[in-house]
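Novice: Using our numbering, you'd call the opening residue of the sequence shown number 237 and step up by one each time.
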Amino acid sequence: MRIEKCYFCSGPVYPGHGVMFVRNDCKTFRFCRSKCHKNFKKKRNPRKTRWTKAFRKASGKELTVDNSLEFEKRRNIPVKYNRELWDKTVEAMKRVQEIKQKRQARFIFNRLKKGKQLEKEEAINEVKKNIHLIKAPHAGKAKRMEDKMVQKLQEDVEMGEGDN
Numbered sequence: 237m238r239i240e241k242c243y244f245c246s247g248p249v250y251p252g253h254g255v256m257f258v259r260n261d262c263k264t265f266r267f268c269r270s271k272c273h274k275n276f277k278k279k280r281n282p283r284k285t286r287w288t289k290a291f292r293k294a295s296g297k298e299l300t301v302d303n304s305l306e307f308e309k310r311r312n313i314p315v316k317y318n319r320e321l322w323d324k325t326v327e328a329m330k331r332v333q334e335i336k337q338k339r340q341a342r343f344i345f346n347r348l349k350k351g352k353q354l355e356k357e358e359a360i361n362e363v364k365k366n367i368h369l370i371k372a373p374h375a376g377k378a379k380r381m382e383d384k385m386v387q388k389l390q391e392d393v394e395m396g397e398g399d400n
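#1: For the segment 246–254 against the segment 264–275, are there 3 or more C-beta pairs whose distance is under 8 Å?
#2: Distance check for Ile360 and Lys271, CA to CA, integer angstroms please.
#3: Using the C-alpha atoms, what's the distance from Lys293 back to Lys277?
#4: Per DSSP, Glu240 is paired with what?
#5: In the DSSP assignment, find the unbroken beta strand (DSSP E) run with Val363 in it and report its ends.
#6: Could you check if Phe244 is buried or exposed, using at least 16 other CB atoms within 10 Å of its CB as the buried criterion?
#7: Which full runs of the alpha helix (DSSP H) of 4+ residues lie inside the segment 271–298, going along the chain?
#8: So what's Arg266 in DSSP terms, helix, strand or just coil?
#9: Do you know how far the Cα of Asp302 is from the Cα of Lys316?
#10: Beta-carbon separation of Glu298 and Lys284 under 9 Å?
#11: How close, in whole Å, do the beta carbons of His273 and Phe257 come, if the pair is a contact with beta carbons under 8 Å?
#12: Quick one: residues in its chain with C-beta nearer than 6 Å to the C-beta of Pro282, no 5 flanking neighbours on either side, listed in chain order?
#13: Count the other CB atoms, across all protein chains shown, that sit within 10 Å of the CB of Gly254; report buried if there are 16 or more and exposed otherwise.
#14: Looking only at DSSP bridge pairs, what is Val255 linked to?
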């Protein structure tokens, strides 16, 4: 039993699920659901359809170049069964999956970090541009007037002491 990949969205197609289309030249196309099959029949390009893996990779939203992705490639060479080889393969698959998840998480974090920085700069520019909406023109005027009054009173007191 093999888990195939959907030709359109690159999602998994489990045994007994999905649709298989065989063209006149014997090329087979597997689809995970009717949505993918219908879009294929409408001759839509998966790289231009926003919800597909191909679009996400083409637009730089997902990791495309990484050594851990090499392990997913299909190999059609039959190998004689060996329990040790089988155990090592399963362990290696788990380790590769773990590495792949870490790298994808780091890639997404770095991609989002740029967006947060741009958002912050944009917010600062907007505040600078519209500072008059935040800070009223007469804000702090009462405090300044109070400080002037206190200063004048102190000067009057000092003048009064100087006369005596």
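Heads up, the beta-carbon is just placed ideally off N, CA and C, and yes, glycines get one too.
Specialist: A quick look at the data gives this:
#1: yes
#2: Each residue's Cα considered, the two are about 44 Å apart.
#3: Between the alpha carbons of Lys277 and Lys293 lies a distance of about 23 Å.
#4: Val249
#5: Here Val363 belongs to no beta strand (DSSP E); instead the alpha helix (DSSP H) covers Arg319 to Lys365.
#6: Result: buried.
#7: 289–294
#8: strand
#9: 29 Å
#10: no
#11: 7 Å
#12: Phe244, Thr288 and Ala290
#13: buried
#14: Phe267
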